[in-house]
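Trainee: So the sequence shown is numbered by the working numbering: it starts at 47 and just counts up by one.
Beta carbons are placed, not taken as given, at the ideal position from N, Cα and C, and that holds for glycine.
Quantities reported herein were computed from a predicted structural model and do not represent experimental measurements.
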Amino acid sequence: MSNQADLLARLKLDRDDRPAPTNGGGGGRLLWFVAGLLVLGLLLLAWLWWRPQALLEVRVAPARSAASAPAASASVLDASGYVVARRQATVSSKVTGKVTEVLIEEGQTVAEGEVLARIDDRNAQAQLALAEAQMQAARSQLTEVRVQLADAERTVTRNRELAGKGLVSQAALDSAEASRDSLKARLASAVQQVTVASRSVEVQAQQLDDTVVRAPFAGVVTVKNAQPGEMISPLSAGGDGTRTGIGTVVDMDSLEIEVDVNENFINRVRPGQRVTARLNAYPDLDLPAEVIAVIPTADRSKATVKVRIGLTTRDPRVLPEMGVRVAFLPDAAAADDDDDAAPARGVRVPASAVVEGAVVWVLRDERVERRAVADVEVLGSDARVGTGLRPGERVVVEPPADLVEGRVVRVVS
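1. Should the region 361-379 be regarded as contacting the region 324-334, the criterion being three or more beta carbon pairs within less than 8 Å?
2. What does the alpha-carbon distance come out to for the pair Val401 and Val295?
3. Assuming Leu101 and Val442 make a contact with CB atoms under 8 Å, what is their CB distance in whole Å?
4. Can you tell me where the beta strand (DSSP E) with Asp448 in it begins and where it stops?
5. If we ignore side chains and look at the alpha-carbon of each, how far apart do Val395 and Asp428 end up?
6. Terminal residues of the continuous beta strand (DSSP E) containing Asn462?
7. Report yes or no: do three or more beta-carbon pairs, one from the region 252-259 and one from the region 122-129, lie closer than 8 Å?
8. Tell me whether the beta-carbon of Thr189 lies closer than 7 Å to the beta-carbon of Asp166.
9. Could you tell me which residues DSSP pairs with Asp332 in its beta bridges?
10. With Gly210 as the anchor, note down where its alpha helix (DSSP H) starts and where it stops.
11. Considering only C-alpha positions, which residue in the set Ala217, Val242, Val337, Asn310 is nearest to Ala183?
12. Throw me the rounded Cβ distance for the Arg289 and Glu276 pair, which I believe falls under 8 Å.
13. Tell me, to the nearest whole angstrom, how far the beta carbon of Ile355 is from that of Val305; I am working on the premise that it is less than 8 Å.
14. Can you tell me whether Asn313 is buried or exposed? The criterion is at least 16 other CB atoms within 10 Å of its CB, across all chains shown.
15. Would you mind working out which of Arg245, Ala196, Val156 sits nearest Val269, comparing C-alpha positions?
16. Using 10 angstroms around the beta-carbon of Arg226, count the other beta-carbons present and answer buried if the total reaches 16, otherwise exposed.
17. Considering only the alpha carbon of each residue, which of Gln173, Asn308, Glu152, Pro262 lies closest to Gln273?
18. Once the 5 residues before and after Gly392 are set aside, which same chain residues still bring their CB inside 6 Å of it?
19. Going by the DSSP bridge assignment, what does Pro396 pair with across the sheet?
20. Taking the alpha-carbon of Thr142 as reference, which of Ser279, Glu444, Thr358 has the nearest alpha-carbon?
21. According to DSSP, is Val364 helix, strand or coil?
22. Mapping the DSSP letters down to three states, classify Lys352 as helix, strand or coil.
23. Tell me which residues share the same chain as Asp299 and place their Cβ nearer than 6 Å to its Cβ, disregarding the 5 neighbours each side in the sequence.
24. Would Ser235 be called buried (16 or more neighbouring beta carbons within 10 Å of its own) or exposed?
25. Across which residues does DSSP place Ile278 in a beta bridge pair?
26. How about Val405 and Ala418: are their beta carbons less than 7 Å apart?
27. Considering Leu409, what are the terminal residues of the beta strand (DSSP E) in which it resides?
28. List the endpoints of the continuous beta strand (DSSP E) containing Glu415.
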């Protein structure tokens, strides 16, 4: 038995003999946890740094050598204004009345004298009929007086012959002559009455004609104001609900450009000067033009002088009230002098590419670089940069305010 007990005792596991856990076990797990957090933080920072950003769209232009840039392409002055029509009229009727018919639509071409609308003419027709009846009555009265005068003339002649023979008294002769003279006066009055009645008919006929609204000149209808059934009046005192015009007609052949030029630079503008105009709606369309006149007065509130510019060629894309930018070109003689002079150094870039007076943004490998330049001279829509740029480098035109160094951008046309 003792031997079996000893054997069993040997096979029994002694739990007190297990190796005791070291104090570093919990600290190791904490160390791995902190390391994992650090790795995740580094990965997050790397993702934030390298993640794709929304590309900023910019327009660029190449820097051109100032020596090779044509002198005639530079303007002596740039200005903005609007296309206006010298012949434009809001057509209305001469009389107040109800519109019965409107024959125009926007965009319609009309000829001079063409009927645009009609006003209710029933009263005018009645007045004309009355005037014509009065004229007929005056003419009938004139005929009656003429017949009476002819009879009075014969009576006077007969009484004069009888009075010479002593068969009629002098009093009878005088009475016959007085009646004749009275009829002559009535005849003159009747003639005047016929004249007055005739003039009245002409007035009423004109009143009837005034109910028809016609185009004052050939042009295009740009505005349609009235509809059939509305009241129209040539005066603004008609009250609410009363129109003052049927529509607006514009002579497209009279379109020109009006710009306001700062009075400090008005000495660069003269009548007959060549101008290049660009519509805001068609920035790639160059329209040749020339200065018509410099209005001899200034606007005190804006310190500007108005300049009229005529378009050399007509283009159907030019419409009234369009915005336009104009470039006043130098004289041919001045351009020739510039060609004979020493070639300019540096490069030319759009003036809108130079910000803060002497800073440009250069595009290199789809990233922008902020670069300081020197000797900057603005020449109309261009700027000459003396140092800091090389020909062929691309600069950002009208750089956005949020542009930063090294940002990736996308070039748009």
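Mentor: Judging by the given coordinates:
1. yes
2. Counting from 1 along the sequence shown, the entry for residue 401 is found at position 355. Counting from 1 along the sequence shown, the entry for residue 295 is found at position 249. So the two alpha carbons sit approximately 45 Å from each other.
3. Position 55 of the sequence shown, counted from the start, is the residue given in the question as residue 101. Position 396 of the sequence shown, counted from the start, is the residue given in the question as residue 442. Not quite, the Cβ-Cβ distance comes to about 14 Å (not below 8 Å), so this is no contact.
4. Within the sequence shown, the letter at position 402 stands for residue 448. Careful: Asp448 lies outside any beta strand (DSSP E) and carries neither H nor E.
5. Residue numbering aside, residue 395 sits at position 349 when the sequence shown is read from its first letter. Residue numbering aside, residue 428 sits at position 382 when the sequence shown is read from its first letter. Each residue's alpha carbon lies about 6 Å from the other.
6. No statement about residue 462 is possible, as the shown extent of the chain runs from 47 to 459 and does not include it.
7. Touching, no, given that fewer than three Cβ pairs across the two stretches are closer than 8 Å.
8. On the sequence shown, position 143 is the one that residue 189 refers to. On the sequence shown, position 120 is the one that residue 166 refers to. Cβ distance not < 7 Å, so Thr189 and Asp166 don't count as in contact.
9. For the purposes of this step, residue 332 is taken as residue 286 along the sequence shown, with counting starting at 1. Beta-bridge pairing links Asp332 to Arg324.
10. Position 164 of the sequence shown, counted from the first residue, corresponds to residue 210. First-last of the alpha helix (DSSP H) with Gly210: 168-210.
11. Indexing the sequence shown from 1 puts residue 183 at position 137. Taking each of Ala217, Val242, Val337, Asn310 in turn and checking the Cα distance to Ala183, the smallest one comes out for Val242.
12. Here residue 289 refers to the residue found at position 243 when the sequence shown is read from its first residue. Here residue 276 refers to the residue found at position 230 when the sequence shown is read from its first residue. Contact holds; Cβ gap of about 5 Å.
13. In the sequence shown, the residue the question calls residue 355 occupies position 309. In the sequence shown, the residue the question calls residue 305 occupies position 259. At roughly 7 Å, the Cβ-Cβ gap stays under 8 Å, so Ile355 and Val305 are in contact.
14. Mapped onto the sequence shown, residue 313 falls at position 267. Result: exposed.
15. In the sequence shown, counting from the first residue as 1, residue 269 sits at position 223. Comparing Cα-Cα distances from Val269 to each of Arg245, Ala196, Val156, the minimum goes to Val156.
16. The count along the sequence shown starts at 1 and reaches residue 226 at position 180. The residue is buried, with at least 16 neighbouring Cβ atoms inside 10 Å.
17. The residue given as residue 273 occupies position 227 in the sequence shown. Looking at the Cα atoms, Glu152 is the closest of the given residues.
18. Taking the sequence shown and counting its residues from 1, the one referred to as residue 392 is at position 346. Counting only Cβ-Cβ distances below 6 Å, and skipping sequence neighbours, we find Ala112, Arg430, Val431, Gly432.
19. Here residue 396 corresponds to residue number 350 of the sequence shown, with the count starting at 1. Beta-bridge pairing links Pro396 to Asp428.
20. Residue numbering aside, residue 142 sits at position 96 when the sequence shown is read from its first letter. Minimum Cα distance to Thr142 is reached at Ser279.
21. In the sequence shown, the residue the question calls residue 364 occupies position 318. Annotated three-state conformation of Val364 is coil, per DSSP.
22. Start at 1 with the first residue of the sequence shown, and residue 352 comes out as number 306. Note: Lys352 maps to strand in three-state DSSP.
23. The residue labelled residue 299 in the question sits at position 253 within the sequence shown. Nothing listed; no residue qualifies.
24. Here residue 235 refers to the residue found at position 189 of the sequence shown. Answer is exposed; the Cβ neighbour count stays below 16.
25. As a first step, residue 278 must be located in the sequence shown, where it is residue number 232. Paired residue(s): Gly143, Arg289.
26. For this step, residue 405 is matched to residue 359 along the sequence shown. For this step, residue 418 is matched to residue 372 along the sequence shown. Yes.
27. Working through the sequence shown from its first residue, we reach residue 409 at position 363. Its beta strand (DSSP E) spans residues 405-410.
28. Here residue 415 refers to the residue found at position 369 of the sequence shown. Residues 413-418.
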